[in-house]
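First comes the structure, then the notes that go with it.
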Amino acid sequence: MQRILSRAARRCTNSSAAFKSPHAQVNVASGVHSENAPTCSNEYGEFTWKTSLVKYMQADIVNALRRGDRRRASMILSNFQNTNWALTKEDFSHILEYCAEAPDPLFVMETLELMEEKAIGLSKGIYRHVIRALSRGGYTKEALHWLNLLGEKESTHATLPFFNIFLNACGSSANLKDVECCLETLENYLLGKSEITYCELLKIAVLQGNLPAVYDIWKDCTRHYSPSIITQRRFLRALTTLGDLQSAYHILQQMVAIATQRSDHLRLSSKGRYQSSRLDIPVLALNESEYLKLLVDCNLQPSQGATGKNSADVQPEIFEEKTQSLETVQLNADVLSTGNNLSDKVELENGSVRYTLRFAQSAVRRFLRWSFSDLIHACVQFNNCQLAEQLFLEMQKLGLQPSKFTYDGFVKSVIAGKGIAYAMKVFICFQIEAMERRGIKPYDDTLAALSEGYSKNLQLDLAEDFLERISEMQPKHIRAINALLSGCEIMNEPERAVRILAKMKHVKMKATLRTYEILFSLFGNVNVPYEEGNVLSHVDVSKRISIIEMDMLNNELQHSFVSMKNIIRAFGAEGMIEEMLRYLNVAENVLWNINPYQKSDLYSVVLHALVQAKESHKAIRIFKTMRSCSLPTDVSIYTTMVECCKWLPCFKSASALLSLMLQDGFHPTVVTYTSLLKVVLAKDDFEGALDLLDICKTEGIEPDIQIFNTILSRAYARGQIHVIEYIVECIHRAKIQPDPSTLSYTFCAYEEHELYNTAIEALQVLSMRMISEDVSILGEKITVFEDLILSEEPDAELRIMRAFESAEEFLAMALLNLRWCATMGATISWSPEESLWARRLASSYDDNKRPHIIPSEVPQSWER
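In full-length UniProt numbering, the protein residues as written are 1 to 864.
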């Protein structure tokens with residue numbers, strides 16, 4: 001039946017004749033053909049028919065607009081012009097209401113033209129729809145014109161909501177001139193401002209990033225109002241968005257005070273939004289010179305004390321009323337005291353805050369919890385872990401149960417501020433149990449943050465476990481996946497990375513450019529660093545890089561500087577020189593917009609690979625190209641070229657490079673002197689090497705274990721035991737802990753000369769020094785170490801190897817060496833300085849006596 005009536009109504013709307021004879025239509029519908037029909041019945045039938053028809057016409061227009069059929073909507077609207085009966089504003093209300101929601105400003109103006117032709121009066125409801133449609137649709141000048149008309153017609157506080165509608169639309173476009181015009185109109189008609197007005201102005205200030213304007217709005221609002229808890233939360237969110245956590249913290253104090261006083265009650269609107277039950281009576285405008293001029297000067301910068309960077313560093317215990325930010329907040333001094341905690345500052349006479357909040361409205365408590373969560377999440381962005389912890393504890397003191405959103409912000413803030421170890425200690429020990437008791441499962445974002453933190457801490461098992469616990473993988477979780485893949489790259493665990501990639505494919509997670517950058521570095525090497533590249537590994541590397549590049553192309557991603565750099569480094573590490581140089585040319589052509597420093601970085605990677613591959617002449621050619629193109633150089637590039645001279649070998653060329661380096665304003669480092677030593681030692685010039693070592697010390701450069709190991713390596717290869725003993729004593733006097741290479745060169749040198757007892761004694765002394773150069777530290781751990789070294793249990797070595805899990809490789813190796821010495825029958829003495837070998841070295845090379853060295857021939861010069 002309804003479909004029949006609907007079709008009949010549409011037939012009526014398509015027929016212009018239906019509007020020419022309304023009386024005839026009524027008579028037909030009522031079955032009365034005589035002119036003597038009863039007047040009352042005739043008028044009632046005409047009214048009923050007209051009302052029903054207009055309703056159908058309005059519905060057809062709205063439906064046509066929803067379908068995007070504007071032509072039909074305009075045709076139906078034009079049929080109103082053919083009517084002979086008097087139309088009212090109700091006949092257009094549904095059309096204007098839809099146009100306000102859409103918004104559709106053009107059809108509104110078309111409808112208004114028809115209403116003007118019909119001389120139909122306008123109600124406030126129509127004004128509301130028209131202003132909303134025009135302002136939201138971008139027709140701000142027309143909307144301001146209607147606001148002026150409304151102000152001239154009725155200049156009372158009842159018209160203020162229409163100006164708020166206009167300001168709300170300006171919050172999206174952020175047209176400051178329109179905002180100024182609206183504020184001038186408000187002032188001209190003395191309409192004042194309401195809390196909603198201030199909130200709309202606040203949105204515009206936040207959109208502009210104008211922190212001083214937020215302060216001005218707060219000052220003016222608190223001058224005339226006691227803002228509701230809803231309004232205060234909006235100011236709190238604005239301040240956290242712009243980085244002023246200090247002022248936001250004090251507004252949170254005010255909100256707690258309002259909640260404890262139970263002076264604010266909230267209710268739900270018809271749209272399901274919270275509203276304050278208090279009357280929002282506008283404040284009449286004042287004619288004072290100090291009255292608010294909010295956005296006239298939007299170029300004002302926040303003061304240094306109020307900027308996000310500095311304000312975020314402020315800790316809760318020093319929030320005193322001395323700063324400019326706090327002065328702008330203007331808290332009620334009668335309510336707040338000088339305590340440091342929220343619960344201390346709002347103590348009431350009739351009991352504690354927590355007891356009082358128990359009787360607060362549930363909606364008010366909910367707003368407090370939301371505000372705490374907002375501020376805790378802001379601590380993540382501005383890296384203020386201490387404030388986040390303070391707020392989390394205050395929530396518990398106030399009896400506010402944290403939500404999943406609160407836990408998410410708290411965990412992220414603690415991870416960023418104090419690391420994953422502290423975060424997990426706090427989160428697991430105290431919060432996981434609390435969440436489980438309340439039946440709360442952590443957000444997937446929280447689990448992703450924990451996984452990312454463990455990945456950065458290189459605890460990949462835990463990182464992968466938390467990643468597996470994410471119930472629904474979303475594109476934003478690619479950050480945690482990339483962190484785990486990066487951890488796999490650092491720890492050289494390609495097998496784990498393959499599992500992660502399989503999971504990505506299973507959940508259809510799209511890789512980002514960062515993902516591919518990591519994959520090139522992770523899978524670009526086959527034998528390195530354990531073996532040198534060979535023909536088989538070269539084929540495998542080419543195949544892997546080709547597959548990754550193809551997948552990247554399928555995802556419509558182009559190479560970045562980092563991805564090209566990782567590919568070039570991968571080819572160079574495998575010794576695939578031709579492929580590396582080819583990709584260098586590709587990078588120069590594809591990455592045409594990279595800056596000179598990035599281009600120099602690529603050349604630095606290439607130079608290092610060429611030197612490692614003994615391609616000295618190609619390295620020299622690349623370096624000359626850099627100089628001719630005036631690309632910036634650094635200490636690393638000069639050091640690499642100095643090391644390149646060892647393949648010639650030519651110390652004179654290395655000296656020339658060192659001079660050029662000094663001319664460019666770079667000072668040699670210990671790595672530079674290490675490279676110079678390699679050049680000198682290439683011709684077995686140990687005297688020259690020891691001279692360079694002395695020069696390094698004279699220049700005030702602290703030597704490291706690598707520079708000593710460089711000499712030890714060559715001395716071991718040439719059987720120079722006296723040089724080895726001298727360098728070992730130098731290491732001891734410099735209080736530098738030896739590393740496994742130091743032990744290896746020293747032990748093997750004695751062993752090859754069949755000095756077995758000396759070799760074991762040297763290994764024992766150096767192993768103890770590798771544990772610690774401080775004898776007192778050794779003495780504190782003697783009992784634990786002896787239990788491991790002298791243990792007869794079958795898993796003794798396994799217990800020692802567990803030290804590798806805590807990144808104490810040197811300790812584990814030292815203990816294994818000492819256990820082997822004990823197995824060989826040596827007596828373990830925990831006083832290494834009492835060793836005969838150590839005492840002999842100390843006396844033989846006292847006062848830096850040089851060892852006896854057979855002079856080597858003079859190095860040849862570099863033939864250019």
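Glycine included, each C-beta is placed from N, C-alpha and C at the ideal position.
Look at LYS849 here: in three-state DSSP terms it is coil, with no helix or strand label.
Looking only at GLU184, LYS510, ILE76, the smallest Cα-Cα distance to ASN554 is reached by LYS510.
In the three-state reduction of the DSSP assignment, LYS614 falls in the coil class, being assigned neither a helical nor a strand state. Here DSSP, grouped into helix, strand and coil, assigns LYS683 to coil. The three-state reading of DSSP puts LYS735 in coil, since its state is none of H, G, I, E or B. With distances taken between CA atoms, GLU184 lies nearest to LEU144 out of LEU96, ASN210, LEU144, ILE204. Around the beta-carbon of ILE204, 16 or more other beta-carbon atoms lie within 10 Å, marking it buried.
Contact between the stretch 787 to 794 and the stretch 757 to 766 is absent: fewer than three C-beta pairs spanning the two stretches fall below 8 Å. In this structure LEU788 is in contact with LEU815, their Cβ atoms being roughly 6 Å apart against a cut-off of 8 Å.
Between LEU87 and THR111, the C-beta gap is not smaller than 8 Å, which leaves the two residues out of contact. Spanning the alpha carbons of SER486 and LEU692 requires a straight line of approximately 39 Å.
Contact check for LEU522 and ALA497: beta-carbon distance about 6 Å, within the 8 Å limit, so the pair qualifies. In this structure, the straight-line span from the alpha carbon of TYR597 to that of PHE666 is close to 16 Å.
By the Cβ-count criterion, ASP846 is exposed, with fewer than 16 other Cβ atoms from all chains shown falling within 10 Å of its own Cβ. Linking LYS565 to LEU602 through their CA atoms gives a straight-line distance of about 6 Å. For the 8 Å CB-CB criterion, LEU681 and PRO668 do not form a contact.
In the structure shown, the three-state DSSP call for VAL364 is helix. Residue state for ILE120 is assigned as coil, using DSSP reduced to three classes. Contact between ALA619 and LEU610 holds: their C-beta atoms lie close to 4 Å from each other, under 8 Å. Linking ALA480 to SER413 through their CA atoms gives a straight-line distance of about 16 Å.
CYS650 and THR512 have their C-alpha atoms roughly 47 Å apart. Per DSSP, reduced to three states, the secondary structure at PHE523 is helical. Taking the CA atoms as reference points, THR240 sits about 24 Å from HIS224. Beta-carbon to beta-carbon, ALA423 and GLU452 are separated by about 11 Å, too far to satisfy the 8 Å threshold. DSSP places GLY719 outside any alpha helix (DSSP H), giving it a letter other than H or E. Only residues of its own chain outside the window of five on either side were considered, and among them ALA497, ILE518, SER521, LEU522 have a CB closer than 8 Å to the CB of GLU489, listed in chain order. The residue from LYS118, TYR530, ARG67 with its alpha-carbon nearest to that of PHE92 is LYS118. DSSP, read as helix, strand or coil, puts VAL642 in helix. Boundaries of the alpha helix (DSSP H) harbouring GLY409: 404 to 426, taken from the DSSP string.
Under the 10 Å beta carbon count, HIS506 is surrounded by fewer than 16 other beta carbons and is classified as exposed. Taking all protein chains in view, the Cβ of HIS617 is surrounded by fewer than 16 other Cβ atoms within 10 Å, so the residue is classified as exposed. Excluding residues up to 5 positions away in sequence, ALA689, ILE727 lie with their Cβ nearer than 6 Å to the Cβ of ILE711 in the same chain. The three-state secondary structure of LYS508, taken from DSSP, is coil. A direct Cα-Cα distance of roughly 19 Å separates THR783 from LEU766.
For GLN558 and ASN492, the gap between their C-alpha atoms comes out near 26 Å.
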